[in-house]
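Participant: Each residue of the sequence shown is one higher than the one before, counting from 163 in the numbering used here.
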Amino acid sequence: MAEWTAGSLQESGNAELDAYADGSSSLQLSLDKASRTETATKTDSDKSCQRTDAAGTTTNVMGPNCLVSLPWFAPILFTQSASELPALLTSSDDGLVTKDGASLHQISYRLALEGSDSTSTKRLQDASTVKVFFDPQTFLPSSLEYAIHPDNNDLKSLEVKVLFSDYRQVSGVMLPFHIERYVLRSLQLKLDISNAVVE
């Protein structure tokens, strides 16, 4: 079950999400005006992303919006061993931090991308960064943060926060069955998972 909110537009319907350890993913929302499909190929130097809207128009997602290191809706991927993750993916342990009044363990993930100079390299790596906040007791992701950008302005960052809860075991893997995605602190998408498969 998916609930989408954008200003006065509120729609509900179905969602199908697929994510893989190589960074490839697919998100399909079957709503009304807000229906969309977002796809990304595996995370490497040739990564590409596309978005198809409710009218069936497909757009290539260019620049930083295609650089997010791993699918935002699949936090379990961030708990895999390094050997199972994309070679471009790097991480840094940022230690304990306080988020929303709770003590959480922060690990930042980014892609080891190189630009034409040090400034562009830093911009690319910053654009790919996902900060994941783990519960220090269960070491399950509690939330994550990253930035998206308007299609016509790569330099403007919009803060995204994703919350995970209602973890359940599926084929020996703990998965969140409730996900909330906020853009600029406003709830944009709420997902209640009814079925999950681990392959």
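From the three backbone atoms N, C-alpha and C, an ideal C-beta is built for every residue, glycine too.
Run the CB neighbour count on S305, radius 10 Å, all protein chains shown included, and call it buried at 16 or more, exposed below.
Facilitator: Position 143 of the sequence shown holds residue 305. Result: buried.
Participant: Can at least three beta-carbon pairs, one atom from the segment 244–261 and one from the segment 193–212, be found at a separation below 8 Å?
Facilitator: yes
Participant: From which residue to which residue does the alpha helix (DSSP H) around K284 run?
Facilitator: Taking the sequence shown and counting its residues from 1, one reaches residue 284 at position 122. S280 to S290 is the extent of the alpha helix (DSSP H) around K284.
Participant: Expressed to the nearest angstrom, what Euclidean distance is found between the alpha-carbon atoms of T260 and A217?
Facilitator: Position 98 of the sequence shown, counted from the start, is the residue given in the question as residue 260. Position 55 of the sequence shown, counted from the start, is the residue given in the question as residue 217. When rounded, the distance between both Cα atoms is 43 Å.
Participant: Since L179 contacts L229 with CB under 8 Å, what's their CB separation in whole angstroms?
Facilitator: Residue mapping note: residue 179 aligns to position 17 of the sequence shown, counting from 1. Residue mapping note: residue 229 aligns to position 67 of the sequence shown, counting from 1. That pair is no contact at about 20 Å.
Participant: I'd like to check one pair, E200 with L189: are the Cβ atoms closer than 8 Å?
Facilitator: Here residue 189 is taken as the residue at index 27 of the sequence shown, counted from 1. Here residue 200 is taken as the residue at index 38 of the sequence shown, counted from 1. Yes, these two residues count as a Cβ contact at 8 Å.
Participant: Could you tell me the alpha carbon to alpha carbon distance between S210 and A264, rounded to whole angstroms?
Facilitator: Working through the sequence shown from its first residue, we reach residue 210 at position 48. Working through the sequence shown from its first residue, we reach residue 264 at position 102. For S210 and A264, the distance between alpha carbons rounds to 36 Å.
Participant: Taking A168 as the reference, give the member of N315, T300, K352 and S319 with the closest Cα.
Facilitator: Here residue 168 refers to the residue found at position 6 of the sequence shown. Per the Cα distances, K352.
Participant: So, for W166: in the same chain, excluding its five sequence neighbours on each side, which residues have a beta-carbon less than 6 Å away from its beta-carbon?
Facilitator: Within the sequence shown, numbered from 1, the residue matching residue 166 stands at position 4. Cβ neighbours of W166 beyond the five flanking positions: E173, L193, A196 and L351.
Participant: Can you have a look at F301 and say buried or exposed, based on whether 16 or more other CB atoms are within 10 angstroms of its CB?
Facilitator: Here residue 301 refers to the residue found at position 139 of the sequence shown. The residue is exposed, with fewer than 16 neighbouring Cβ atoms inside 10 Å.
Participant: Give me the Cβ distance between F326 and P303, rounded to the nearest whole Å; I'm assuming they're in contact under 8 Å.
Facilitator: Mapped onto the sequence shown, residue 326 falls at position 164. Mapped onto the sequence shown, residue 303 falls at position 141. Right, their Cβ atoms sit about 5 Å apart.
Participant: Distance check for P233 and S186, CA to CA, integer angstroms please.
Facilitator: Locating residue 186 in the sequence shown gives position 24, counting from the first residue. Locating residue 233 in the sequence shown gives position 71, counting from the first residue. Taking the CA atoms as reference points, S186 sits about 8 Å from P233.
Participant: Express the C-alpha separation of S356 and D279 in angstroms, rounding to a whole number.
Facilitator: As a working note, residue 279 is residue 117 in the sequence shown. As a working note, residue 356 is residue 194 in the sequence shown. Approximately 47 Å, taken between the alpha carbons.
Participant: Using the DSSP secondary-structure output, state which residues sit across from N176 in a beta bridge.
Facilitator: Mapped onto the sequence shown, residue 176 falls at position 14. For N176, which the question treats as bridged, DSSP gives the partners S192.
Participant: What's the C-alpha gap between D118 and S348?
Facilitator: The question about residue 118 has no answer, for the chain in this structure spans 163 to 361.
Participant: If you count every other CB in all the chains shown that lies within 10 Å of the CB of V294, and 16 or more means buried, which is it?
Facilitator: Counting from one through the sequence shown, the residue named residue 294 turns up at place 132. It counts as buried.
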